[in-house]
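Chemist: I'd like to ask some things about the structure below.
In the numbering used here, the protein residues as written are 122 to 528.
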């Protein structure tokens, strides 16, 4: 068993859900902060606040594209249900987060009813009602506040809009408590402060839980699902890399703990790709120089997201160095052979192997001889490790069986 700070982990990983063309917009952390402020305002206990904080910080986990997220950042959304259903189904698969599945499912439910779930008024989970209100408050802030004048100048406008929907869209009792809360200037100023996540009061949402390796892998698998849904062309890619890395590392003598770590690294190696525009990831043809330059940032974000999430040193390095090369010509850190551990070399080879074996929009997945030829050329160019590639093709039948199991 190990102990993890679930709050720190989820808040950091959820930041990857908030990438847009300006960087990270911090929507999930802001919704979390507003939700917890409301929870305090109405006197909820710590257990309830932990549930609300957990759900709030991943409430839009069902969103798959930047375009879908942009629609949700409009105050009025005609059909919010797809991402609610998708998000609930996703977290329901994992025992650590299953308790928040119904909260996520209902976080766009209108108080008066007419919802796809059939729920209305008090039958809607309280946590969902709180997050719904918090979510729309942050959307109003995002739409109105352009730094042309202080956020406090917009408070009355935001309050009026929320109050106009009391009893129909929002729980009137929560609207009343929000109105009281909004009288505090500090509430609004905290929301626009840099690194808003650091202002979420630790006593409101801060808990450490004991987890076994399977539960840690559950969380990694959940975010692998989020990553791979980003593009239909790379569906199951993260699991392909993770499985290849585990089989290869086992063949090269890794122990049990390191095998778990390299599986996590493989599952999350592309988490930084959530920073890349949809059109680039889904482009069927060759990338332009500018587009490839944008792609290069994804491993940088992978590294820092995993470091900030509290992962041990090996996992961020093994995950993020998969485009580094032994001669130092890779990206984004330009590390050379003296700085690349065996785990990093294994994940790099696993990533190449998986990409070549997968179907892509412009070609079918390659057969062994073609993959082996390409990877051996990469060894010759000092892009991949010779011994790692040799061991990889030594277990090709195992790898073939594994990829068949993913279908």
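Beta carbons: idealized from backbone N, C-alpha and C, even for Gly.
Between 180, 237, 248 and 351, which has its C-alpha nearest residue 149's C-alpha?
Modeler: Start at 1 with the first residue of the chain shown, and residue 149 comes out as number 28. Closest option to residue 149, Cα to Cα, is 180.
Chemist: Count the other C-beta atoms from every protein chain shown that fall within 10 angstroms of the C-beta of residue 140, then say buried if there are 16 or more, exposed otherwise.
Modeler: Along the chain shown, one-based indexing puts residue 140 at 19. Buried, since its Cβ has 16 or more Cβ neighbours within 10 Å.
Chemist: By the 10 Å Cβ neighbour count, where 16 or more other Cβ atoms means buried, how is residue 253 classified, buried or exposed?
Modeler: Mapped onto the chain shown, residue 253 falls at position 132. Looking at its Cβ environment, which holds 16 or more other Cβ atoms inside 10 Å, residue 253 is buried.
Chemist: Residue 524 by DSSP, collapsed to three states: which one?
Modeler: To locate residue 524, count along the chain shown from 1; it is residue 403. DSSP places residue 524 in helix when its eight states are reduced to three.
Chemist: Of all the options 389, 454 and 196, which has the alpha carbon lying nearest to the alpha carbon of residue 260?
Modeler: Position 139 of the chain shown holds residue 260. Ranking 389, 454 and 196 by Cα distance to residue 260 puts 196 first.
Chemist: Distance, Cα to Cα, residue 255 vs residue 298?
Modeler: Residue numbering aside, residue 255 sits at position 134 when the chain shown is read from its first letter. Residue numbering aside, residue 298 sits at position 177 when the chain shown is read from its first letter. Straight-line Cα distance between these residues: approximately 12 Å.
Chemist: Under the DSSP definition of a beta bridge, which residues are partnered with residue 481?
Modeler: As a first step, residue 481 is located in the chain shown; it is residue number 360 there, counting from the start. Answer by DSSP bridge pairing, in chain order: 484.
Chemist: Around the C-beta of residue 91, are 16 or more other C-beta atoms found within 10 angstroms, so that it is buried, or is it exposed?
Modeler: The requested residue 91 is not part of the displayed model; the chain covers only 122 to 528.
Chemist: Starting from residue 509 and walking both ways along the alpha helix (DSSP H), at which residues does that stretch end?
Modeler: Locating residue 509 in the chain shown gives position 388, where the first residue counts as 1. Taken as a continuous stretch (DSSP letters only), the alpha helix (DSSP H) holding residue 509 covers 507-515.
Chemist: Tell me residue 287's beta-bridge partners as DSSP assigns them.
Modeler: The residue you call residue 287 lines up with position 166 of the chain shown. Its beta-bridge partners are 291.
Chemist: Can you find at least 3 beta carbon pairs, one from the stretch 130-140 and one from the stretch 157-166, that sit closer than 8 Å?
Modeler: Output reads no: the stretch 157-166 does not touch the stretch 130-140.
Chemist: Can you check DSSP and say which residues form a bridge with residue 448?
Modeler: Along the chain shown, one-based indexing puts residue 448 at 327. Per DSSP, 457.
Chemist: Rounded to whole angstroms, what is the Cα-Cα separation between residue 530 and residue 249?
Modeler: Outside the shown range of the chain (122 to 528) lies residue 530, about which nothing can therefore be said.
Chemist: Quick check on the burial criterion: 16 or more other C-beta atoms within 10 angstroms. Buried or exposed for residue 128?
Modeler: Locating residue 128 in the chain shown gives position 7, where the first residue counts as 1. With 16 or more Cβ atoms within 10 Å of its Cβ, residue 128 is classed as buried.
Chemist: Is it right to say residue 501 is buried, meaning 16 or more other beta carbons lie within 10 angstroms of its own, or is it exposed?
Modeler: Here residue 501 is taken as the residue at index 380 of the chain shown, counted from 1. Exposed is the call here.
Chemist: Return the chain-ordered list of same chain residues with a C-beta closer than 7 Å to the C-beta of residue 492, the five sequence neighbours on each side being excluded.
Modeler: Your numbering for residue 492 matches position 371 in the chain shown. Same-chain partners within the cutoff: 474, 477 and 478.
Chemist: Does the contact criterion of 3 or more C-beta pairs under 8 Å hold for the stretch 352-368 versus the stretch 510-527?
Modeler: With a cut-off of 8 Å, the stretch 510-527 and the stretch 352-368 count as touching, because enough Cβ pairs lie within range.
Chemist: Enumerate, from N- to C-terminal direction, the unbroken alpha helix (DSSP H) stretches of 4 or more residues contained entirely within the stretch 402-437.
Modeler: Complete alpha helix (DSSP H) runs here, min 4: 410-416 and 419-429.
Chemist: Confirm, please, whether the CB-CB distance from residue 230 to residue 240 is below 8 Å.
Modeler: Start at 1 with the first residue of the chain shown, and residue 240 comes out as number 119. Start at 1 with the first residue of the chain shown, and residue 230 comes out as number 109. Their beta carbons are under 8 Å apart, which means residue 240 touches residue 230 by this criterion.
Chemist: According to DSSP, is residue 269 part of a helix, a strand, or is it coil?
Modeler: Residue numbering aside, residue 269 sits at position 148 when the chain shown is read from its first letter. In the structure shown, residue 269 sits in coil (DSSP, three-state: anything other than H, G, I, E or B).
Chemist: Let's see if you can read the secondary structure: which residues bound the alpha helix (DSSP H) around residue 225?
Modeler: Taking the chain shown and counting its residues from 1, one reaches residue 225 at position 104. First-last of the alpha helix (DSSP H) with residue 225: 222-226.
Chemist: Using the three-state DSSP reduction, which class does residue 375 fall into: helix, strand or coil?
Modeler: Locating residue 375 in the chain shown gives position 254, where the first residue counts as 1. In this structure, residue 375 counts as coil in the three-state DSSP scheme.
Chemist: Using a Cβ-Cβ cut-off of 7 Å (strictly less than) and excluding sequence neighbours within five positions of residue 213, which residues of its own chain qualify?
Modeler: Stepping through the chain shown from its first residue, residue 213 is reached at position 92. Cβ within range, chain order: 219 and 222.
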